[in-house]
Every structure is written in structure tokens, then in C-alpha cells.
Amino acid sequence: MFVCLIIVLRSGRYSASANAYRSGLLHAPNAFPFASSMDTLSYDTDSSEAALLHGNLSAALVHQQLWSAALFSAVVALELHLSRGSAAPVNTVHRLWSRVICCIKHVDWFPEQDLASHAIPTVSQIVKLRQTLIALSAESSLCAGFSSVTLPTPRYGYQTSYPGFSTGLQVVSSASKGRHVIATTEFEPGDVLAVEPAGGWSATITQHNHSAQTDKVRPTSCSPTTEHLILLPSQRMTKCAACLSTLSAVGFVCPRCCDAAYCAPPSKCFTSHLVGKDRSSKDLTYCQPPWHNAECRFTFLLNSSGLGHLCFRLAWLLQNHSSHLVCDVEPSISTLVDHFDAFDVNDLFEYALTAWMLASVLLKSVFPNQESVRPHDFAVRGLWCFDTLRRLQCNAHAITEIQDRSQLHPPEQETTSCILPQLEQVRVATALFLCGSMFNHSCEPSVENSFRGHFIVVRCVKPIHVSDEVFNCYGPHYLHELSAGRRQSQLLQQYFFKCDCTHCKNPTCRLEPVPDIQLVNRWTTAVDQLLSGADSSPPTLNTLQCSWNNICDLGSIPCDKCKGHWWPEDTTPGCLLDTVGRRILVNAQLVSSADNRLESLVLGLQCLLGSVSWTYAHYGPTSSEYLWELVSFVRVTLAVLNDWPVKKFAETKFYPLPINKAVPQTLDLCVDRILAVANVLYGFQKASEILSTFVVTVPHSDD
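In C-alpha cells:
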């Protein structure tokens, strides 16, 4: 395994290799010089494997210029190596020590120390370095950007009845709609309508609202916590289980379940979980969150239960910290709609079995100082889980974020020049937002969700007037799923209602043509020809143009009542152009002739530009789809050309849509466009983070 990881590291795939080393630390024995508070550190267990993983992780982090994370990983690797005494590999220790000195020079917050005079450090020196790192983690000025979430405030301030909502919103009820949200004042695109943590605002804040009858402003910086959400298994090697921050170095891993990783210094989250007097290696312990200690033995079971894991977490919190889930103040879990009569009997039986299993696990998760659970309590908790499972199916939210897939997984190609940035929306966690569940669905929503740590931020995406109902989208959007019938079917299956929005009740065209087998076969052949043309060396503009025209003719079925029906369900014209463009770019980097390579690169980028133009025209100029397509286009362009080739685009005409509307001609204008659209969707701070994370500007010529 180490040979494969080292090959990935030496090939220059630093993000992918760092991700692989973090995954290895989940399973390495004695991976840290301190134990969990539930275990005793074993000095007899060989920690050489963990030391190598930490050391190679530090090397990958140095290449990414993540100096603080690299420093901690190198220090831990040295401590694990040196604790072996004479068995420590001398050359490896030399390299790690040089890396520590290099990292300290780049970390401006670390106190100056004369380390270069020591050829080989001692264990006591390394322990002292680790102590300094941990002590600095407690400083608020240093960790402000590491362990806090800066939140926007809803327009017009927070209200008292539903503590996550703006005072410009009101929750009303009717026989036909049930509870729903209406506006009592005007909102414009970009306005914040709601801000709420997973599980809802705490009882203290809720009670303060009702007593003071005002809550216009709340602290805008809140410490992250994940107790009311479930981090998906696929994200547990990249996210801190306690604060949801992205991992660079790994501060600690649960040695029992190997399914929970925590962030490393500098981090208040890390420091808050340490237990010890002088923070020396022998008496220092890491105290994991109590909810993880309750779940640890049953992680394998809870991971396979779907929403059952979130249900168990909420039940455990209700059992041990009842103030987190107040039931006598709106909104609360117990008043959410559960649709008992609408569930299929087989689904009810499955949920009943899951609830029995969760109640049984709750029995086993009682700590020694707690009272034993009586049979009556067991039945009550099982029934609570049964009810909550149904409510979660209709009300739970997926917390998502945009990640660069090319940075997380090693590509299939052997050459690093073939790696292209590829952004995708990734589901990170599952949570319940009580106020966020009040919005009814529309296939053309008036708000859109985004996430700041464990908080949901609901922003207006189109003008909302007084008395207008405020709609969110539960999944099926009329621009993503063009068929009203399929949208209705999806909503009825999961949420048990029939949508009566304009696009479902009065669609432009009710005809839903079904292609015959001959058309499907011709489509498949045409797609193969298009991809074959992209793989030819070099691809020609005429060949691609002919194949593309054929694709457009076959994919759209003419209709007398509308512009036509695009029938292939698994792709769109934009996705096809993106796929073709990326294949051309990958193949172009393997071409030996500089002229042919440049011609192919420009042609591939022209295809990607066509994808951006299609997305702009189909989803709109302020849509999240257009924003991320434009960000992706800028990243790929700068990656393959290291320039902004305006003239080259002007000389090559492939896609007929007017490209200047979708993609400005200069890089500065593109950055301004990204910032403007992101500001409407996510606010200025998040927009700035998007630029710094995903858009790397380079000196560009007057071209």
C-alpha cells in the first residue's frame, strides 16, 4: 500500500495523496502520541506505520503550502519515530526535522526558535514543540479563522416565534396547504430570509425570544458543532467529526471504530477536547464528543440504517440533553408532519423494525452513572423513533458543498498533465432544520439553500412581495426535470403530495413523447461518433460540428405546441459539450506537436465555453448552475493554458450561442461576474471564499 501512495505523491497528485494518507491514519494502530479518554495508550504497539503516514502526509501538505498542517504532521511523525529509541530511521528523522524547520519559517504565528543548530532532535524537544502548538491553539486571535462560522443576519432581523426566520416572514396554516410561509414585507434577490443551525436554535435563545419579544441581532460568530447532524461515511476522512471543518492534518482518530477523525492544531476544536495537566505525551488524552462515545460500538450498524443514524442521534440527545430538542415551543420535531396514513405498509414495517433496533441500541448506550431504562421507557423511545423516522423522510436536509473531484481521487491516467479540475456538488452530511422545514415546495422556488458549517442560510433568488408564499425546492426543479409527470411522481413517492405549482398545473406543453427503439439506437450511435471525433488526433472542427448537429437533431423531438422536447434523460446538451471538451483537452496534452496541441486545446475549451453558454441560457444568469459552470471553465482554462486566450476564442467558432453574454472576454471581468453572481446566491464573504478557493488568477497578457 505504501508503495502505491508514494507513487501518487511523487507524481505530483498532492491533494489526492494527502487524502489517501489521511484515510490510512483511520486504520493505523497507535497513530497519535496520546490516547482516547476511553482507552489507555499502549506503548508496546508498533507505531511505525502511523509515523510513515504522518510523515508522508506532511510532505504532501508542504507541496500544497499548508504550512501549519504540515508542521503538526511532521512533529507527530517525529515523536512517533523517536519514541522507538534506537530503532528510529535516522535518514527519515533528518528529513522530517528539516521539514519542521522549513514549516516554522513559513508559519508567522509560531515563536522563533533556534532549531537549525540541532542535527537530530530529542524526544523532549519534539514534545515541547507539540506543547507549543497545542498552547497556541487556545489563542482566540490565532484560531478565529479555523474554528468559527461567520453568519449573516436575516433581513429585518430575527423574529421571536420561529427563531431562525426573518421578521419579514410569517408561518400560517390552511386546510389545503397546511403550515406554510408567507412574506409580510418585500424581499429582493440576495436577501437572507433565514439562518438556523442543525437541530434548531437552542432552548436558551428560544426562551429569550419569547421573554424579551425581540431578537434583531445574534452573535455572528458561532462555534461549529456537529451533534445534530450526521457526517456521511464518505466524508469522515476529509471532515472533522466534531466541527465539520475540512481536514488537512489529522489531530486524532477514534481508535475503536476508525470512523471519526478530528482536526489538528491550530484549532480551538482540538484544544477543547484535550484532557491533561501539563499536556505531556504520557498523561494527555483526547476526549471525544459524548454522542460519539454512545455510537462508537454500533457505528457499523448505524451506518447501514440510513436516516436511522440521524434518528438515533436525535433520540440520544433528547435522552441526555433534553434542552437541545424543546417540544413545547415551536418549531419542534413532534409537530412536523409525519404522513402516517400515506406510507406503504411495507415501509411502515421496515421503519418499525428500525425503530426497535434504535431503541435497543439506546439501551446499550446508557453511561455507568445513568439510571437503567425501564421497559415502559423502552417502548416510549421506540415509538418516538418510529414517529421521527417518518418525519425525517419528509423533512431532513442534505448538507452539500462544492468539491474538486480531481483533487480527491487519483485519476486513471498515468501522466499528471491530464488532470483537469472538475467541480461537483457533494453531499457532506444529513441534518434536520426545524424552521427550514416550514417552506412548501415549488418546482420554481423563490429561495435557495446554502450552508455555513452546520448552519443553513436561506436566500431570496427572485423578488418576493407582500403576501406572497415563500417556496423552496425539495429536489425536482422544472429546469432539471422537464417532465411534469416525473416531477409529480418523485414528490408523491417521497413527500406524499401532488405539486400544484404553475409548471405542474399548467405546463407549457403536456405532451411527453417517448422515443422508439430506432431513435434510441440512432442516438447511441451519434453519441459514440461524437466521442470518437473527440478522441481522434487531432480532432477536426468540421467533424465535431457535423456530429454535434446530428446530436441536436436526434435529441430534440419536434412539437407543435412548444419549441421541442429534449428526451435523453441521462444528459443535457451542456453536459455533452463538457464531456467532449474535457476529452479533447486530455488527449491534446499528449500530442507532441506544439501547434496541433494548441489547436486542440483551443477547440476543447471552445466546447467547454459552449457548455457555459448553454447553462447560462437554460438556467439563467444568476443561477448556481451557471456560477459553478463559469468557475469550472475559468479553472480549466488557466490550468491548460496558464493564460486567458481571448483572441484564440475569437478565431475559432464552434458553438452558435453568443458567448460574450455567458463568458466575459477578460479574466478580470470573469472574476467580477463570478463575484457578482456568488454575492447574490451566498453573500459577499462566501463569494470571496469561492474566488480564493476555486479561482487562481495568474498574470495575463494583453491577448
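For any residue, its number in the working numbering is found by taking its place in the sequence shown, counting from 1, and adding 45.
Glycine residues also receive a C-beta, built at the ideal position from the N, C-alpha and C atoms.
Worksheet entry | Cut-off 8 Å between Cβ atoms - residues of its own chain near R200, not counting five sequence neighbours on either side | Here residue 200 refers to the residue found at position 155 of the sequence shown. Around R200: S211, G213, F232, D236, V237 and L238.
Discussion item. According to DSSP, is K222 part of a helix, a strand, or is it coil?
Written reply: As a first step, residue 222 must be located in the sequence shown, where it is residue number 177. Correct three-state label for K222: coil.
Discussion item. Pop quiz: A306 and H337 are said to be a contact at Cβ under 8 Å. What is the actual Cβ separation, rounded to whole angstroms?
Written reply: Here residue 306 refers to the residue found at position 261 of the sequence shown. Here residue 337 refers to the residue found at position 292 of the sequence shown. About 11 Å separates the two Cβ atoms, so there is no contact after all.
Worksheet entry | Host alpha helix (DSSP H) of C505 (start-end) | For the purposes of this step, residue 505 is taken as residue 460 along the sequence shown, with counting starting at 1. Here C505 belongs to no alpha helix (DSSP H); instead the beta strand (DSSP E) covers F500 to C505.
Item to complete: Below 6 Å CB to CB, which residues in the same chain sit around W612 once its five sequence neighbours on both sides are set aside?
Response: In the sequence shown, residue 612 corresponds to position 567, counting from 1. Contacts found: P560 and I602.
Worksheet item: Does the segment 545-552 come within contact of the segment 267-285, defined as at least 3 CB pairs closer than 8 Å?
Response: no
Practice prompt. Less than 8 Å between the CB atoms is what I'm expecting for D101 and Y66, so what's the real figure, rounded?
Written response: Here residue 101 corresponds to residue number 56 of the sequence shown, with the count starting at 1. Here residue 66 corresponds to residue number 21 of the sequence shown, with the count starting at 1. At residue 101 the sequence reads Asn, which differs from the Asp that was named. 5 Å between Cβ atoms; contact.
Worksheet item: Who are the Cβ neighbours of Y671 in its own chain at under 8 Å, not counting the five residues just before and after it?
Response: Within the sequence shown, residue 671 is the residue found at index 626, counting from 1. Here the set comprises V657, T660, Y661, Y664, G665, A707 and V722.
Worksheet item: Anyone know if the C-beta pair for M483 and P376 falls short of 8 Å?
Response: Reading the sequence shown from its first residue, position 438 is the one you call residue 483. Reading the sequence shown from its first residue, position 331 is the one you call residue 376. It is a contact, given that the beta carbons lie within the stated cut-off.
Practice prompt. Would you identify the three-state DSSP class for S637, choosing helix, strand or coil?
Written response: Here the question's residue 637 lines up with position 592 in the sequence shown. Three-state result, S637: coil.
Discussion item. Only counting the same chain, and skipping five residues up and downstream in sequence, which positions put a Cβ closer than 7 Å to that of C546?
Written reply: Residue mapping note: residue 546 aligns to position 501 of the sequence shown, counting from 1. Cβ within range, chain order: S487, C488 and E489.
Item to complete: Tell me whether the beta-carbon of L720 lies closer than 8 Å to the beta-carbon of L736.
Response: Counting from one through the sequence shown, the residue named residue 720 turns up at place 675. Counting from one through the sequence shown, the residue named residue 736 turns up at place 691. It is a contact, given that the beta carbons lie within the stated cut-off.
Fill in: Coarse secondary structure for T445, derived from DSSP in three states
Position 400 of the sequence shown holds residue 445. T445 falls in the strand class under three-state DSSP.
Worksheet item: In three-state DSSP terms, what is V631?
Response: Here residue 631 corresponds to residue number 586 of the sequence shown, with the count starting at 1. The answer is helix: DSSP assigns V631 an H, G or I state.
Worksheet item: Excluding five sequence neighbours on each side, which residues of the same chain lie with their C-beta closer than 7 Å to the C-beta of A633?
Response: The sequence position of residue 633 within the sequence shown is 588, counting from 1. The answer, listed in chain order, is R642, S645, L646 and G649.
Worksheet entry | Element boundaries [alpha helix (DSSP H), containing E233] | The residue labelled residue 233 in the question sits at position 188 within the sequence shown. From DSSP, E233 is part of no alpha helix (DSSP H); its letter is neither H nor E.
Worksheet item: Can you give the Cα-Cα distance for W429 and H72, rounded to whole angstroms?
Response: Counted from its first residue, the sequence shown places residue 429 at position 384. Counted from its first residue, the sequence shown places residue 72 at position 27. About 35 Å.
Worksheet item: What's the gap between the Cα of Q539 and the Cα of Q438?
Response: For this step, residue 539 is matched to residue 494 along the sequence shown. For this step, residue 438 is matched to residue 393 along the sequence shown. Those two C-alpha atoms are separated by around 7 Å.
Worksheet item: Can you tell me whether DSSP reads V559 as helix, strand or coil?
Response: The residue you call residue 559 lines up with position 514 of the sequence shown. Residue state, collapsed to three classes: coil.
Worksheet entry | Alpha-carbon spacing of I629 relative to L524, whole angstroms | Looking up residue 629 in the sequence shown gives position 584. Looking up residue 524 in the sequence shown gives position 479. C-alpha separation (whole angstroms): 28 Å.
Worksheet item: Whose C-beta lies closer than 7 Å to the C-beta of D623 among residues of the same chain, with five residues either side of it excluded?
Response: On the sequence shown, residue 623 is found 578 positions in, with the first residue counted as 1. If we look at D623 and ignore the five residues flanking it on each side, its Cβ neighbours are L653 and S656.
Worksheet entry | For T445 and V473, believed in contact at Cβ under 8 Å, the rounded distance | Indexing the sequence shown from 1 puts residue 473 at position 428. Indexing the sequence shown from 1 puts residue 445 at position 400. Contact holds; Cβ gap of about 6 Å.
Fill in: Whole-angstrom C-beta distance between I171 and V120, which should lie under 8 Å
Within the sequence shown, residue 120 is the residue found at index 75, counting from 1. Within the sequence shown, residue 171 is the residue found at index 126, counting from 1. The Cβ separation is near 6 Å, so the contact holds.
Discussion item. Can you give me the C-alpha to C-alpha distance between F315 and S81, rounded to a whole angstrom?
Written reply: To locate residue 315, count along the sequence shown from 1; it is residue 270. To locate residue 81, count along the sequence shown from 1; it is residue 36. For F315 and S81, the distance between alpha carbons rounds to 13 Å.
Discussion item. On the DSSP bridge list, what partners appear for K284?
Written reply: The count along the sequence shown starts at 1 and reaches residue 284 at position 239. BP columns for K284 point to T291.
Discussion item. In this structure, how does DSSP classify I464 when only helix, strand and coil are distinguished?
Written reply: Translated into positions along the sequence shown, residue 464 becomes position 419. Note: I464 maps to coil in three-state DSSP.
Worksheet item: Can at least three beta-carbon pairs, one atom from the segment 286-296 and one from the segment 385-402, be found at a separation below 8 Å?
Response: no
Practice prompt. Rounded to whole angstroms, what's the CA-CA distance from C480 to Q110? Just pull it up for me.
Written response: Within the sequence shown, residue 480 is the residue found at index 435, counting from 1. Within the sequence shown, residue 110 is the residue found at index 65, counting from 1. Approximately 41 Å between the Cα atoms of the pair.
Item to complete: Report buried or exposed for L714, applying the criterion of at least 16 other Cβ atoms within 10 angstroms of its Cβ.
Response: Residue numbering aside, residue 714 sits at position 669 when the sequence shown is read from its first letter. Counting Cβ neighbours within 10 Å, L714 comes out exposed, since fewer than 16 surround it.
Worksheet item: Within the chosen definition, does the segment 331-351 reach the segment 403-410 through at least 3 CB pairs nearer than 8 Å?
Response: As far as the Cβ criterion goes, the segment 331-351 touches the segment 403-410, which means the pair count is three or higher.
Practice prompt. Assign R281 to one of two classes, buried (16 or more other C-beta atoms within 10 Å of its C-beta) or exposed (fewer than that).
Written response: Position 236 of the sequence shown, counting from 1, holds the residue named residue 281. The residue in question, R281, is buried, as its Cβ has 16 or more Cβ neighbours within 10 Å.
Item to complete: Would you kindly check if the distance between the Cβ of T475 and the Cβ of L319 is under 8 Å?
Response: Taking the sequence shown and counting its residues from 1, the one referred to as residue 319 is at position 274. Taking the sequence shown and counting its residues from 1, the one referred to as residue 475 is at position 430. No; because the gap between Cβ atoms is not below 8 Å, this pair is not in contact.
Discussion item. If you follow the alpha helix (DSSP H) that V492 is in, where does it begin and where does it stop?
Written reply: The residue given as residue 492 occupies position 447 in the sequence shown. Taken as a continuous stretch (DSSP letters only), V492 belongs to no alpha helix (DSSP H), being part of the beta strand (DSSP E) at V492 to R497.
Item to complete: Take L127 and list the residues in its own chain whose beta-carbon comes closer than 8 Å to its own, dropping the five residues that flank it on each side.
Response: Indexing the sequence shown from 1 puts residue 127 at position 82. Taken in chain order, the residues that qualify are A133, V138, P166, T167, V168 and I171.
Discussion item. Could you pull the DSSP bridge partners for N485 from this structure?
Written reply: Numbered from 1 along the sequence shown, position 440 holds the residue referred to as residue 485. Paired residues: F516.
Worksheet entry | Sequence-distant residues of its chain with Cβ nearer than 6 Å to A529 (five each side left out) | For the purposes of this step, residue 529 is identified with residue 484 of the sequence shown, where counting begins at 1. Only C549 and P552 meet the Cβ criterion.
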